[in-house]
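K.L.:
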Amino acid sequence: MSMNRLPAPLGLYIKRDKVINFMFEGRSYQGFEGDTIASALIANDQWLMSRSFKYHRPRGPLTMAGQDANTLVQLKSEPNVLADKQLICADLDVVGQNYNGSLEKDKDARLSYAGRFMPVGFYYRAFYKPKGVWDKWEPFIRKKAGLGFADLTFKPVYHDKAYLFHDIAVIGAGPAGLAAALKAADAGATVLLVDENPILGGALTYHRFDVEGLRANELRTQLTEQVLNHSNITVLNNATCNGWFTDNYLPIIQGNRMYKARAKQCIVASGAFEQHVVFRNNDVPGVVMSSAAMRLMSHYAIKPANKAVVLTGNDDGYLCALALVRNGVQVPLIVDMRTNGADDSLQKAVAQQGINVRLNATVYEALPSSDKTHLSAVQVHDITGTGQVSAGGVTIPCDMLCMSAGYMPVYQLLCQAGAKLSYNDDSARFSLTNLPTNLYVAGSANGVHELDAVIRDGQLAAYKSLTSLGIPSSEPEAVSCVKQTNFPWPIFKHPKGKDFVDFDEDLQAKDIVNATRLGYRDIQLVKRFSTVGMGPSQGRHSALPTARLVAEATNRSVTETGVTTARPPFVPEKLANIAGRIFSPHKHTPMHRRHLELGAHMIPAGIWRRPAYYGHPENRDQLIQQEAQMVRNRVGMIDVSTLGGLEVRGPDAAEFVNRIYTFGFLKQPIGKTRYAVLTNEQGVVVDDGVACRLAEDHFYITATTSGVDAVYREMTKWNAQWRLSVDIANVTSAFSAVNVAGPLARKVLSKVCFDVDFSNEAFPYLAYKEGTIDGVPVRLLRVGFVGELGYEIHMPSLFGEGIWDRLMEVGQEFDMKPFGVETQRLLRLEKGHIIVSQDTDGMSHPGELSLHWAINRKKPFFVGSRSVDIVMARQQTRKLVGFKLDAQATRPKEGHLVLANASQADCAITGNVTSSEYSSTIGANIGMAFVGVDQQEVGSRFPIRVDKGEIVMAEVVKLPFYDANNARQEVL
Amino acid sequence: MEFFNLSAVPNSRKSLLDVTNTESLTSSIQRQDCTLYSRVGFRGMGAESFLMSHGLPIPSKPNQSLLFEHGLVVLRLSKSEFWLVDLDNTYHELIETLEFDAKGLEDVYRLFCQHSHACFLFKGEQTAAMFSKVCGVDLRSDAFPLGSVAQTSVARTNGIVTKQDSDSHGEFFLLLSDLASSHYLWEALADAASEFV
């Protein structure tokens, strides 16, 4: 493959000494390091890169700046990659997108002939009549819809995020941005300069600002050298500021990292998008923006054509023509849509180069080659009125057409910030107003195009930012710019159509006009009906012609019509960029290593990791039953470090606890524990635990694993009102805990804790004591959650692993082993103990849960007391009951529905199963469920709909299932 | 009830960290786990005068820290909350004494940071840059001078960050964060540090 390159210093982006081979459409190509896919292909005379979305028209680059969707290509693991932004690298394998057959000969290009049957918005009015026809259309449409394909074997690569903090963020490193950054940095501000290109300079890297073509490069060299050597300036190139959020919070994507920049001031010097001319076949490969031709030459040293015609509405087209000629491209004609043409110096310069100029004329149609893959000629007509052309025209053979219809500010970030984009219909100029404080605009985004004025405008924005920061600096002189860049009506509708307004969606001029004729007068409605501006280029080129066409069709001005809303992101961003390096905080108990060593099957419990049981998940049911039997018959130990822990200390501690929880705590004896139920202000049970009274002014309270943070928050919130003299501390992580449970539990404890009398008399059920194990201070709670003699041992967490080891060691004598949380759930279920948030929901009041006994009716207040009275006085609708099923019956799962009756398929749902497990102790499937109030009678049966619609009948049983006399926890 | 001594048996403290995977990482940022060293916290309207009566320096405003002598950092987290963190494992006796002396004092509540929090020390020129990957607070020198304290989110966990300078460590950042998340956080920070070689 040949590589057609111009001599240095052209080719700012490429390194000619580093050749790279890559594949496109199965053929090998060569490029240089720094080449994009598009530039490398064009250097090899391959312009056709993709097919358009709707009509499968051949497409090639339009802007060479990633601003259009004409170069969307498929990589091996990534669809919809912009070929004019993606750099080539070794082993890169690229194919075109959206074709049937081959890229060169796309069978679906025939759709273009069916265009008259696919008018704007046709899909809203088709495919649904007669009834059922959609089923026939759907497979075909799904097959044809979408661009590219997803690689389902794709392995995610590392992405992350980082914060940046600067006084001033400058978005865009063109002449305005460079000047702004330098002035701000010279004054002492820290500056973040962001640019999407590999080297700084913006338009200075490719645009020609003077006839000789010298000034841009001189200025770029001077400014970039100063910027890169300035200690106050941080440069992010190849980086895109993808949105503006309040207070200058700026997401900036650079490679695999998203920076979240916080800037006190922000200057947007984002430049302007060159606009195209609407005429027939304006999408044929070879029809490009003038700036694209300039980029090809300056950035990639590519001679873009042999013979080029320039179609312009401003002086920049002349400068482009001069650059083309200088680089060996024959330019037979400049077609100037204006009547007066360029200024004298330019006219003279192009005349000297032998370039003809035709004023008050336009290209009316581009003529493709016989294979339709490239431009072969243009047809030039005189302009006879706004959007009108003469009947006859001349055909000019060429292989490139450069368009310069004008510029539209890169307004997206500014409009996201609330700026108002206005358009003067008389002068065809844009302006941005209503910017929030601490946000400024400079350069061509601000409608300033003369180079000296652009520089001053950047400095002026810096001055304003510095003033806001309180940093003194000299005030630049005011900026004015009279340079006319926008031709007011570069739209020449053709009776045969294919005069594209929006290349992404193949929308023609008539489509926009027809949308207004169907009643969609508002620009936002036109967008949604026609999909204009909804493609990957997000209206960068279609917004202005659409506004113009809608304005004309509805007899309004463009200012009145407006443009569509700009929302973040500015360019498509990957979900990986948004996700970054995913942080998933999780907590381990101090015994975590031991659980792993013992083969625990770990499960998440809120933010914690807990052992479900010890052994392989394949043996789950068997392991749970074995562990349960161990606790029932001998002794077992469970890590309950995840239990919430709260310390309430101070003179008003008892009063505080008494107000928070439903029970009475004022007279709770020291050294005793008491069940504590927490209701919220709506009377719903939201947490429970055990309150231990350590002293007159000191309570240690446990809370549920997942609820403790909310309980702590509620406690501190309430005391902000109550102003009681208490200190509240969340000590969940400070204490680890184990529960040693089973008939032999006392014997295990007696082996390690010698300063506590574990006899039933000295340490009765619900008592609290403190002692030491190997010198480590521990808190001991006599509990009965699993229905056996049990002691919870709470110790400072850094001792947790050591105490665990010690207990396991002495427990060997009694064949004590650890048991997991799923086993604990079964054991407490047998005992009829509820788990708040598993057996309750957001509506469960104490009455439904049979927790009347845990509510002190004599005290004047507790949180939710009034609501509890109200909800419990209402007619009750459901009740939490225990149920039993034969061991052979299908076991219901948690969440399965309880029905009003078994025989009626569409009967009411009266409740749901909250807990369910097989109990080898009981010899049956047991559980708890909410049932209707008329279904709660012990001995009655109620239907549960289980998997596959099967109905099983469960029997209501009195709780607990096990040890109703509480004899087990009193074992001597 | 007997007094429950959190400073007891310091030699029996065990770290939750498994450093076998992360210690092999090469980074210019040095990390040290000080979790097993002694620390204590006090809260209450009487806490400030209690600490001053023991000759300890007290930061004048909340969210500031001071270095006492060589290896004890005193953090003021609010008007009435103070943490004392031993960096070099040399202040255990002082901390245990303070804990005992606070017993029974009105308006002085001993806090549980010895066992509720992990304590990590970071040093190296790029430490602030490393934190910028996991923390939304600007910890660069201009914005976060010596003695500053930030109570913030670090890699989505609650963290207390302060910067100090000592003879033994030079300039360093101290991070105190939930003990139960320490394994997660240690690895997250190792990942963040890995690019700074």
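Each protein sequence line maps, in turn, to chains A and B.
Taking this note's numbering, the leading residue of the first sequence gets 2, the next gets one more, and so forth.
Taking this note's numbering, the leading residue of the second sequence gets 403, the next gets one more, and so forth.
All C-beta atoms, glycine included, are put in the ideal place defined by N, C-alpha and C.
From A:LEU725 to A:ASP698, what does the alpha carbon distance come to, in whole angstroms?
P.N.:
Spanning the two alpha carbons is a distance of roughly 12 Å.
K.L.:
Extract the residue ranges of the alpha helix (DSSP H) inside the stretch 159-243 of chain A, only unbroken runs of 4 or more that lie entirely within it.
P.N.:
Counting whole runs of 4 or more residues, the stretch 159-243 of chain A contains the alpha helix (DSSP H) stretches 176-187, 216-229.
K.L.:
Is A:SER866 helix, strand or coil when you go by DSSP?
P.N.:
It is helical.
K.L.:
Run through the DSSP bridge pairs and tell me what A:TRP975 is partnered with.
P.N.:
With chain A represented from 2 up to 973, any question about residue 975 of chain A goes unanswered, as that position is not in the structure.
K.L.:
Closer than 8 Å is the cut-off here; do at least three beta carbon pairs connect the stretch 462-476 of chain B with the stretch 547-563 of chain B?
P.N.:
With the cut-off at 8 Å, the stretch 462-476 of chain B and the stretch 547-563 of chain B touch.
K.L.:
In chain order, which continuous runs of the alpha helix (DSSP H) of length 4 or greater are located wholly inside the stretch 369-423 of chain A?
P.N.:
Segments of the alpha helix (DSSP H) lying fully in the stretch 369-423 of chain A: 413-417.
K.L.:
What separation, rounded to the nearest whole angstrom, lies between the Cα atoms of A:SER3 and A:LEU545?
P.N.:
With a pLDDT of 46 at A:SER3, under the threshold of 50, the predicted position of this residue should be treated as unreliable, though the coordinate-derived value follows. Taking the straight line joining both Cα atoms gives about 39 Å.
K.L.:
Mind checking which residues open and close the alpha helix (DSSP H) that includes A:VAL739?
P.N.:
It is not in any alpha helix (DSSP H) - A:VAL739 instead sits in the beta strand (DSSP E) that spans 736-742.
K.L.:
If the cut-off is 9 Å on Cβ atoms, which residues from the stretch 576-594 of chain B count as contacting chain A, listed in chain order?
P.N.:
Per Cβ criterion, the list reads ASP580, LEU581, ALA582, SER583, SER584, HIS585, TYR586, LEU587, ALA590, ASP593, ALA594.
K.L.:
Along the chain, where does the beta strand (DSSP E) containing A:LYS19 start, and where does it finish?
P.N.:
16-25 is the span of the beta strand (DSSP E), which, as asked, contains A:LYS19.
K.L.:
In this structure, how does DSSP classify A:TYR124 when only helix, strand and coil are distinguished?
P.N.:
In this structure, A:TYR124 counts as helix in the three-state DSSP scheme.
K.L.:
For A:PRO176 versus A:LEU205, is the C-beta spacing smaller than 7 Å?
P.N.:
For A:PRO176 and A:LEU205, yes; Cβs fall inside 7 Å.
K.L.:
Which ranges would you report for the alpha helix (DSSP H) in the stretch 434-475 of chain A if only whole runs of at least 4 residues count?
P.N.:
You should have 452-470.
K.L.:
Mark A:GLY801 as exposed unless 16 or more other C-beta atoms lie within 10 angstroms of its C-beta, in which case mark it buried.
P.N.:
Buried is the call here.
K.L.:
I think A:GLY743 touches A:VAL636, with their Cβ atoms under 8 Å apart; what is that distance to the nearest whole Å?
P.N.:
The pair is a contact, with the Cβ atoms about 3 Å apart (cut-off 8 Å).
K.L.:
Taking the alpha carbon of A:ASN967 as the reference point, which residue from A:GLU789, A:MET24, A:GLY256 has its own alpha carbon closest?
P.N.:
The residue with the shortest Cα to Cα distance from A:ASN967 is A:GLU789.
K.L.:
Under 7 Å, Cβ to Cβ, is there at least one residue of chain B near A:PHE166?
P.N.:
With 7 Å as the cut-off, A:PHE166 counts as an interface residue toward chain B.
K.L.:
Do A:ALA190 and A:ILE472 count as a contact pair if the criterion is CB distance below 7 Å?
P.N.:
Closer than 7 Å, so yes.
K.L.:
With 7 Å as the threshold, decide whether the Cβ of B:LYS565 is near any Cβ in chain A.
P.N.:
Cβ-Cβ to chain A under 7 Å: no for B:LYS565.
K.L.:
May I have a chain-ordered list of the alpha helix (DSSP H) segments no shorter than 4 residues that lie completely inside the stretch 294-370 of chain A?
P.N.:
Complete alpha helix (DSSP H) runs here, min 4: 317-327, 345-353.
K.L.:
Which two residues bound the contiguous beta strand (DSSP E) that contains A:PRO115?
P.N.:
According to the sequence displayed, residue 115 of chain A carries Ala and not Pro. Run containing A:ALA115: none; DSSP gives neither H nor E here.
K.L.:
Pick helix, strand or coil for A:ASN425, following the three-state DSSP scheme.
P.N.:
Strand at A:ASN425.
K.L.:
DSSP three-state label for A:GLU105, please.
P.N.:
Correct three-state label for A:GLU105: coil.
K.L.:
Anyone know if the C-beta pair for A:PHE23 and A:TYR30 falls short of 7 Å?
P.N.:
Cβ atoms of A:PHE23 and A:TYR30: closer than 7 Å.
K.L.:
What residues in its chain sit with their C-beta under 7 Å from that of A:ALA163, if we drop five residues either side in the sequence?
P.N.:
ARG258, TYR260, listed in sequence order.
K.L.:
Going by DSSP, name the residue or residues bridged to B:LEU474.
P.N.:
According to DSSP, which records beta bridges pairwise, B:LEU474 is partnered with B:PHE470, B:ASP488.
K.L.:
For A:GLN877, which residues from the same chain have a beta carbon less than 6 Å from its beta carbon, with the 5 sequence-adjacent residues on both sides left out?
P.N.:
Cβ neighbours of A:GLN877 beyond the five flanking positions: VAL934.
K.L.:
My assumption, with CB atoms under 8 Å, is that B:HIS472 sits in contact with B:ASP569. Please give the rounded CB distance.
P.N.:
About 6 Å; that satisfies the 8 Å criterion.
K.L.:
Thinking A:ASP887 and A:ALA925 are a contact (beta carbons under 8 Å), I'd like their distance in whole angstroms, please.
P.N.:
The pair is a contact, with the Cβ atoms about 6 Å apart (cut-off 8 Å).
K.L.:
Closest to B:CYS515 by CA distance: which of B:ALA592, B:ASP593, B:VAL476, B:VAL442 is it?
P.N.:
For B:CYS515, the nearest C-alpha among the options comes from B:VAL442.
K.L.:
Are the CB atoms of A:LEU165 and A:ALA9 nearer to each other than 7 Å?
P.N.:
Going by C-beta atoms, A:LEU165 is not nearer than 7 Å to A:ALA9.
K.L.:
Could you please give the first and the last residue of the uninterrupted alpha helix (DSSP H) stretch that includes A:HIS602?
P.N.:
First-last for A:HIS602: 601-606, but that is the beta strand (DSSP E), not the alpha helix (DSSP H).
K.L.:
Given that a residue counts as buried once 16 or more other Cβ atoms are within 10 Å of its Cβ, and exposed if not, what is A:LEU617?
P.N.:
Looking at the sequence provided, one finds His at residue 617 of chain A rather than Leu. With fewer than 16 other Cβ atoms within 10 Å, it is exposed.
K.L.:
Taking 7 Å as the limit between beta carbons, can you name the residues of its chain near A:VAL632, skipping five residues before and five after?
P.N.:
Closer than 7 Å at Cβ, skipping near neighbours: ALA742, GLY743, VAL787, GLU789, PHE820, LEU828.
K.L.:
Taking 7 Å as the CB-CB limit, is B:ARG445 close to chain A?
P.N.:
Yes, B:ARG445 lies at the interface with chain A (some Cβ there is under 7 Å from its Cβ).
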